[in-house]
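Worksheet: one structure, shown below.
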Amino acid sequence: TVGAVAWHESDGMAAGVSSGGLLLKYPGRIGEAAVFGAGCWAQEPFDAEQGTEMACSISGTGEYIIRAMLARKLGEAFEKGAGNFDGDDPHEVLHRVLNDQFWRMCRGRGEPNPSVGVLLLTRENDGRARLWCAFTTPNMAIAYASSKDPKVKAVILR
Amino acid sequence: MSDNVYIAVHGGAGFHERKYEKEIKHALQRACKFALSNLGSKHSSALTMVEDAVSSLEDDEHLNAGYGSNLTLHGTVECDAAIMSGKSGCFGSVGAVAGIKNPIRLARSVLDYSSIPSPIGRIPPLTLVSEGARQFALSQPSSAHLVSLESLVSPKAEERWRVWKCRVTSPDLSSLSKHLNDIQD
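Keeping their order, the protein sequence lines are chains A and B.
Whatever position you read off the first sequence (first residue = 1), add 687 for our numbering.
Whatever position you read off the second sequence (first residue = 1), add 174 for our numbering.
Here is the structure:
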C-alpha cells in the first residue's frame, strides 16, 4: 500500500491511497484503499472554530480498517462537537482513535494484533502544517517536503 | 516554485526488508519531487500533487501498488485506489481493477466525473470496480492507460507468490497465517 497527503494554497488538503492488497487474496477482494471513508480522508472545516484542517492516508489490514471506517473516524475526531475535539494535540487524537476505537474493535473481533499505519497532515490556525505518523507494524516508510524546504526527507520509521 | 505547498508520502505500514531500504527511500523521494515538479502550472493543486505522488509510487516495483503489487490467489494483479479533496469533499475510487498502470489516475477520473453535473440527473459513482472500472478507463481520454495484465506482475512479486502459494498447501497451515501477515506490505 502507498499513499500521499498534500496541502496547496489553491485547494487546501487532499489525500490518496493505492494498494495491490493482501498477498494471495481472493480475486475480487477489495481493501481499505477502495472504500469511501476507510483508506483516505481530507477535510476542511468551514472555519477554524469548527475544527482542524486535515488529510490522512492509511495502510494495514484492510478488512478491519473498513469495519472501523478508520480514515473518516480520524476526520471526525478533528471536528468540534461530532468528534468531541476541543483543540487537543493531534498526538492525543491519534492515540484515542487508534487505541480506544480501532484496537478495541479489532480485539472484540478476535484480532489481537491488527496492522495499521496512518500518515496524517494537519494545519494549524497560524498556517503551519504538521505531519504525524502512527503505526502498529514493524516499520513504516515515509517522505516529506514543502515549497519552503523542497529537499525531500525520506525515512523508514521502525 | 511560487505556490505554498506541503507534500508527504508513505510506502505502506508493514514489513520493509532492510536490503531494499535504499530503493524504497529513493522511490519515496522521487514521488515527492515529482509532486513538486508541476508547481506554478495552472493545474497545480493538492489533488494533482497527491495523484502525481501516488502514481510515481505505483510505478516502483518495491512497493505494493500498481507494478509490483502482491498477487492474488490466481497469480494476478488487482488494485484498489482512492483520492479525496478536503475543500470540495469530492471522492473517487476504484477497486479490484486489473490491467491499469496507475489506478490512482483512474480514481481521479472517477472523482472528476462526479463533479460533472449529469444532464439526466444520474448520480455519479463514488467507486467503480473490476471490469466496470476497466470499461470506464476505456471511455476516459486522459486517465490511467490500460496495459496487459502480465505487465503489472514483477519478478519479485511472482517469486514471493510461488513461495507462499505452495506453503498454502503445506500441512502446517498455522505457521503460514502467522508469517504471511508479517510480510504484507
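Glycine included, each C-beta is placed from N, C-alpha and C at the ideal position.
Please say whether residue j and residue i have beta carbons closer to each other than 8 Å?
i: B/Met223; j: A/His695; result: yes
i: B/Gly185; j: B/Lys330; result: no
i: A/Val805; j: A/Leu781; result: yes
i: A/Gly703; j: B/Ile274; result: no
i: A/Met792; j: A/Ala764; result: no
i: B/Ser288; j: B/Gly263; result: no
i: B/Leu161; j: A/Lys712; result: Residue 161 of chain B is absent from the model: chain B starts at 175 and stops at 359.
i: B/Leu210; j: A/Ala832; result: yes
i: A/Thr688; j: A/Ala720; result: yes
i: A/Ala841; j: B/Gln203; result: yes
i: B/Gly188; j: A/Thr824; result: yes
Using a Cβ cut-off of 9 Å, pull out every chain A residue sitting near residue i, in sequence order please.
i: B/Leu203; result: Just to set this straight, residue 203 of chain B is Gln in the shown sequence, not Leu. Those within 9 Å of B/Gln203 in chain A are Ala830, Ala832, Val839, Lys840 and Ala841.
i: B/Asn212; result: Correct list: empty, because the minimum Cβ distance to chain A is about 11 Å.
i: B/Val284; result: Within 9 Å Cβ-Cβ: nothing; B/Val284 doesn't reach chain A, min ~11 Å.
Using the beta-carbon of each residue, which ones in chain A are nearer than 7 Å to residue i?
i: B/Pro329; result: Result: empty, since nearest Cβ-Cβ is about 15 Å, beyond 7 Å.
i: B/Arg336; result: Ordered by position in chain A, no residue passes the 7 Å Cβ test against B/Arg336, which lies about 11 Å from the chain.
At a CB-CB cut-off below 8 Å, which residues of chain B make contact with residue i?
i: A/Gln737; result: By Cβ distance, chain B contributes nothing, its closest Cβ being about 13 Å from A/Gln737, past 8 Å.
Would DSSP call residue i helix, strand or coil?
i: B/Met175; result: Its pLDDT being 38, under 50, B/Met175 is placed unreliably in this model, and the value from its coordinates should be taken loosely. B/Met175 falls in the coil class under three-state DSSP.
i: B/Ser230; result: helix
i: B/Asn288; result: Note on identity: in this sequence residue 288 of chain B is Ser, with Asn being the wrong assignment. In this structure, B/Ser288 counts as helix in the three-state DSSP scheme.
i: A/Tyr751; result: helix
i: B/Val342; result: helix
i: A/Ala758; result: helix
i: A/Val839; result: coil
i: A/Ala729; result: strand
i: B/Cys264; result: coil
i: A/Asp776; result: coil
i: A/Ala816; result: strand
For residue i, go through chain B and note every residue whose CB falls closer than 9 Å to its CB, in chain order.
i: A/Asn826; result: Ala187, Gly188, Phe189 and His190
Run down chain C in chain order and give the residues with a C-beta less than 8 Å from the C-beta of residue i.
i: B/Lys199; result: Of the protein chains in the structure, A and B, none is chain C.
Using a C-beta to C-beta distance shorter than 7 Å, which residues of chain B count as neighbours of residue i?
i: A/Ala764; result: The premise fails here: A/Ala764 is roughly 15 Å from chain B at the closest Cβ pair, so nothing lies under 7 Å.
i: A/Thr688; result: Gly186, Asn238, Ala239 and Asp359
Interface residues of chain A around residue i at Cβ under 8 Å?
i: B/Lys339; result: Leu711
Query raised in the report: Quick one, which residues of the region 772–801 of chain A are near chain B if we go by CB-CB under 8 Å, in chain order?
Result: Per Cβ criterion, the list is empty.
Requested in this report: For the region 737–761 of chain A, enumerate the residues whose C-beta is nearer than 7 Å to any C-beta of chain B, in chain order.
Outcome: From the region 737–761 of chain A, only Glu740, Ala742, Ser744, Ser746 and Gly747 have a Cβ closer than 7 Å to chain B.
Query raised in the report: Is the region 717–726 of chain A touching the region 248–262 of chain B, taking contact as three or more C-beta pairs under 8 Å?
Result: Touching, per the Cβ criterion.
Query - Under 8 Å (Cβ pairs) to chain A, residues found in the region 287–320 of chain B - result: Under the 8 Å Cβ criterion, the region 287–320 of chain B contributes Leu300, Thr301, Val303 and Ser304.
Query raised in the report: the region 258–278 of chain B: which residues have C-beta closer than 7 Å to a C-beta of chain A, in chain order?
Result: Going along the region 258–278 of chain B in chain order, one finds Met258, Ser259, Gly260, Lys261, Phe265, Ser267, Val268, Gly269, Ala270, Pro277 and Ile278 with a Cβ nearer than 7 Å to chain A.
**Report entry** At least three beta-carbon pairs within less than 8 Å, the region 786–800 of chain A to the region 808–819 of chain A
**Finding:** No, because fewer than three Cβ pairs between the region 786–800 of chain A and the region 808–819 of chain A fall closer than 8 Å, the two stretches do not touch.
Query raised in the report: Between the region 713–736 of chain A and chain B, which residues of the former have a C-beta closer than 9 Å to a C-beta of the latter?
Result: For the region 713–736 of chain A, residues whose beta-carbon sits nearer than 9 Å to a beta-carbon of chain B comprise Tyr713, Pro714, Gly715, Arg716, Ile717, Gly718, Glu719, Ala720, Ala721, Val722, Phe723, Gly724, Ala725, Gly726, Cys727, Trp728, Ala729, Gln730 and Glu731.
Query raised in the report: Using a Cβ cut-off of 8 Å, which residues of the region 239–256 of chain B contact any Cβ in chain A, in chain order?
Result: The region 239–256 of chain B vs chain A, Cβ under 8 Å: Ala239, Gly240, Gly242, Ser243, Asn244, Leu245, Thr246, Leu247, His248, Thr250, Val251, Glu252, Cys253, Asp254, Ala255 and Ala256.
Query - Proximal residues, the region 214–235 of chain B versus chain A, C-beta separation under 7 Å - result: If the cut-off is 7 Å between Cβ atoms, the region 214–235 of chain B has Ser218, Ser219, Ala220, Leu221, Met223, Val224, Glu225, Ala227, Val228, Leu231 and Glu232 near chain A.
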